[in-house]
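To start, the structure itself, in C-alpha cells.
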Amino acid sequence: MNIRDDIDKPIFVQIAEGIEEAILSKTFAEESQIPSITEFSVMYKINPATALKGINILVDNGIIYKKRGIGMFVCQGAVHKLKEKRKNQFFDNFISNMVSEAKKIGITKEDIINMIKKEYDNGKN
Amino acid sequence: MRFKETFKYISISCRKNLIIFYISSLIFSFIITLLAVLDGEEFYLRTDVFSFMMVSIVYNSSYRQNKLMLLQNGISRKTYFWAELSFIGVISVIFAFLENIIFLIGNLFIKNINIQITYNFICKIDNSNLGVKDYAISLLVELGMLLLLISLFSVLCKLLDRFGNIVVFIFFILIFNAALIIGLFGKDLIFIGDILGITNNKIYRLGISTVIVILLLNTASYLVMRKSAIRLSL
Amino acid sequence: MGKIELRGISKTFKNTVALKDVNLTFEENKIYGLLGRNGAGKSTMINIITNCCFADVGKVLIDGETAVENDNALSKVYCMSEKKLYPYYMKIKDIFKWSKNFYKDFDMEYALNLSKDFELNINKKVIEVSTGQSSLYKLIIALSVNTPYLIFDEPVLGLDANNRDLFYKKLLEKYIKKPCTMIISTHLIEEVSNIVEDIIIIKDGIIIENKSTEELLNSGYTATGSYEKIDKFANGKNIIGEDKIGSMKSVYILGKPEKVPDGIEITKLDLQKLFIKLTNS
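Protein chains in written order, with our numbering: chain F, 1 to 125; chain S, 1001 to 1234; chain H, 2001 to 2281.
Below, the structure written as C-alpha cells:
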C-alpha cells in the first residue's frame, strides 16, 4: 500500500482503498486482524484522525469491525461485498474510459472485443 | 510557583564554583594574614568579603545563562528573582557564620582576636574583650554588608555586559573602603557618612541605611529582570 | 476543556509590526500547523506564549489563566526551538535531568531510549554538538516532557532525511500514546500537511487562514488547459495565482469547480502552491 501526496484522492480515501485492495488480494484474510490506527498513522506519517476516517468508511460499509480493547478485524463476507462493489463500479471505472479512449484513437468495437478475448484466454489471472 | 525547583537549580549550578572560590579566598586570606602577623602587623584580611566578591562575580556572570535556562523551562522572572534573593540570603548567612567561626578558631592560636566593626577589607586585631552581644552585632553587620554588596553587584551586572563585570569589580573594592575614602575626601562626604552611620560607627543608623539600600537595589534588580525579553536572533 | 487562547495580541519591534491583532485558539489534543514565511511573526507569537517576550496589547490564556509571569500556566507548555537557551557547558544528559526537575512528568527512560534511536551521544556538551544534534536533543526533551501543550518551532532544522522521517514517526507515536496539543511551526508544508489537523497561516503578522487541512485542500482547485480555454474559464473567478508551462496554463482558483468545459483538467490544490500564492506580497 502506498500513500501518495501527488494524486488527487484524499489520504483517507487512499487508506480505505489500500485496505480494500489488501482484503481482495487475501493479504488480510477474513476474520484476521488488520494493523492498528497507530501503525497506519506512524507508517505513512499521517494524522491518526485521517487514518481513523479511512477506517471508519470501511466500518460503515461493513468491511471492517472493531473489537474493543483488541483491534480491528476484517468482517466475514467482506471479500464478497467488495467484489460486488467493484463490479458495480467496473463499468464507470474501466469501460467508459476504455471506450472513449478507443474512439479517440480509432480502435473499433470489434478490435476491443478481440483484444479482450486475447487477454482472457492467454494467462488466466 | 516553582520556587523550590528554581532554587535547586541556582544553588547546584554554581555549587562547584562557590566552593572553589571560597576555599581559594580562605587560603589567600590566611597567607596574607600570616605574612602580616609574622611581620609584626596587627591586622588580618577578612575572608568573608573577599570570597563573597569572588562568588558574586561567578554568580552574577552566570545571570544571563541562568535567565535563558529558566525561561526555557517555563520559570517566570518573578520566581527567578525570589529564588536568587533567597539563595543570596542563605549564602550570606553561611559566609557570615563561617567568618565568625574562623575568628573563634583564630582565637585559639592568637589570644583575643577581635574584629573592628567596619566596612573594610582589613580588620585591626584588637585586644579588648568583646562580649556575646558584640559578636551578635558583628554577625548582623557582616550579613548586612554582604547582602548590600551582592545586591549592588547583582543589579549592575544585570545592566552591564561582560566588560562591565570588571568595572563593577573595581567599583566593589572602592565601595568597600568607603570609610577610608570618605576620610580621604573631605568633610562633605563625612556628613553623608555620618547620616548613613558609616563614619561614626552608629550601628543602628548603619543597620537602617543598609537595609534601605538593599531594598532599593533589589527593587532595581527585579525591574531589570522583569523587563528583559529574549531577542529573536540569538 | 483545556486550551490556549490568544486574544488581540499585537507586538511591534521598533518600527516593524511583528503581530497585529492575533486571535487564536489551540484546543486540547490536536496537532496544529503554524505556517508562514520567514519573518511572518511565527516565532514572535511563540515567544509571547512562552513568556520569553511580552505583547504590547492583548493576552494569552492557558487553561483560562493569564500566561504572563505565571509559573503554573507556563509549566503546562514546553517549547522546542533553535534558540540557544541551554548553558553551553552543560552535558545533554544533565539537561535531561534538569528538565525532569522542572517538569515533573518528564519521562527519563523514554528520553534515553529516544537518544539511542536517534544515535545521540548524551555525554556531549551543548557547545560540542552539531546543529542537527542540537535539534535532536531538544526534540527528545519535547517528546518526553509530557506537558499538555507542546510547541515545535522549526523542529527539523539541520536534521538529515533519516532523522526527519524518524522524528515524525516518533511524534505520531507519542501523540497517539499520550495525546497532547501540538503546534508545529514551520515553512516545510509538504512534510507536515499530512500530520497536522488544522492549519494556521500567518503573513506579515496577520492570521490569513485558520482552518482544518481538509477544508484548506477543498477550498480550491487547479485548472489546467490551453491559454485560451483557461482564460475564458477562469474569468470572474477567485484566482489566487497562475503558472505557465509551455503552451499550457494552470490557474489556482478558490471555490468549487462547476461546469468544467472539455479540454480543461481539474486537479486538487497543491498545498505548497496555495501557501506560496497566499503569502506572496
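Where is the CB? At the ideal position from N, CA and C, for every residue including glycine.
The structure presented is a predicted model; accordingly, all values stated were derived computationally and were not measured.
- DSSP places Gly-2263(H) in the coil class of the three-state scheme, outside both helix and strand.
- Looking at Met-2182(H), Gly-2132(H), Leu-2159(H), Glu-2154(H), the one whose alpha-carbon comes closest to that of Leu-2143(H) is Met-2182(H).
- For Gly-2036(H), the enclosing beta strand (DSSP E) covers residues 2031–2036.
- DSSP lists Ile-64(F) as the beta-bridge partner residues of Val-74(F).
- Between Ile-2264(H) and Thr-2222(H), the CB-CB gap reaches or exceeds 8 Å.
- Under the Cβ criterion (8 Å, minimum of three pairs), the stretch 65–75 of chain F counts as touching the stretch 14–32 of chain F.
- In this structure, Ile-2240(H) places its C-beta atom within 8 Å of the C-beta atom of Leu-2278(H).
- A check of alpha carbon separations from Ile-1019(S) across Asn-1066(S), Gly-1089(S), Phe-1095(S), Leu-1152(S) identifies Phe-1095(S) as the nearest.
- Contacts between Ser-41(F) and chain H, judged by CB atoms closer than 7 Å, involve Leu-2172, Ile-2176 in chain order.
- As summarised for the stretch 2097–2168 of chain H, the continuous alpha helix (DSSP H) elements at least 4 residues long and confined to that stretch are 2108–2117, 2131–2144, given in chain order.
- Pairwise C-beta distances place the stretch 2048–2066 of chain H out of contact with the stretch 2207–2220 of chain H, as fewer than three of them are shorter than 8 Å.
- Within the stretch 2017–2078 of chain H, the beta strand (DSSP E) runs of at least 3 residues that lie entirely inside it are, in chain order, 2031–2036, 2057–2062.
- Burial is judged here by how many other beta carbons sit within 10 angstroms of a residue's own beta carbon; Arg-1077(S) has at least 16 and is buried.
- Inclusion of Gly-1144(S) and Gly-1074(S) in the CB contact set at 8 Å is not warranted, their separation being larger than that value.
- At least one beta carbon of chain F lies nearer than 8 Å to the beta carbon of Ile-2031(H).
- In this structure Gln-89(F) is exposed. Its beta-carbon is surrounded by fewer than 16 other beta-carbon atoms within 10 angstroms.
- Among the residues of chain H, those whose CB is under 8 Å from the CB of Thr-1079(S) are Asp-2071, following chain order.
- Listed by position along chain H, the residues whose Cβ is nearer than 7 Å to that of Asn-47(F) are Ile-2031, Asn-2194, Ile-2195, Val-2196, Glu-2197.
- At a cut-off of 8 Å between beta carbons, Gly-1074(S) contacts chain H.
- Look at Val-2196(H) here: in three-state DSSP terms it is coil, with no helix or strand label.
- Within its own chain, the residues whose Cβ lies closer than 8 Å to the Cβ of Val-1211(S), once the five positions on either side in sequence are excluded, are Gly-1144, listed in chain order.
- Contact with chain S is found for Tyr-2086(H), since one of that chain's Cβ atoms lies less than 8 Å from the residue's Cβ.
- The continuous beta strand (DSSP E) containing Ile-2183(H) extends over residues 2181–2186.
- By the rule that beta-carbons nearer than 8 Å mark a contact, Tyr-2089(H) does not touch chain F.
- Within its own chain, the residues whose Cβ lies closer than 7 Å to the Cβ of Lys-53(F), once the five positions on either side in sequence are excluded, are Phe-12, listed in chain order.
- A distance below 8 Å between beta-carbons, with the five flanking residues on each side excluded, links Ser-2226(H) to the following residues of its chain, in chain order: Ser-2247, Met-2248, Lys-2249, Gly-2263.
- Judged by DSSP secondary structure, Thr-2224(H) falls within the beta strand (DSSP E) whose first and last residues are 2220–2226.
- Closest by C-alpha distance to Ser-2099(H), out of Asp-2056(H), Thr-2147(H), Gly-2058(H), Asn-2029(H), is Thr-2147(H).
- Here Tyr-44(F) is buried: its Cβ has 16 or more other Cβ atoms, across all protein chains shown, within 10 Å.
- Secondary structure at Tyr-2088(H): coil, using DSSP grouped into helix, strand and coil.
- Between Asp-2160(H) and Ser-2043(H) the beta-carbon gap is near 24 Å, outside 8 Å, which marks them as no contact.
- When beta bridges are read from the DSSP output, Gln-1065(S) appears opposite no residue.
- Between Lys-2169(H) and chain F, the shortest Cβ-Cβ separation is below 8 Å.
- C-alpha of Ser-1151(S) to C-alpha of Leu-1217(S): approximately 6 Å in a straight line.
- Shown here for Asp-111(F): not one same chain residue has a beta carbon closer than 6 Å to its own, the five before and five after excluded.
- Ile-1020(S) sits in a helix when the DSSP states are folded into three classes.
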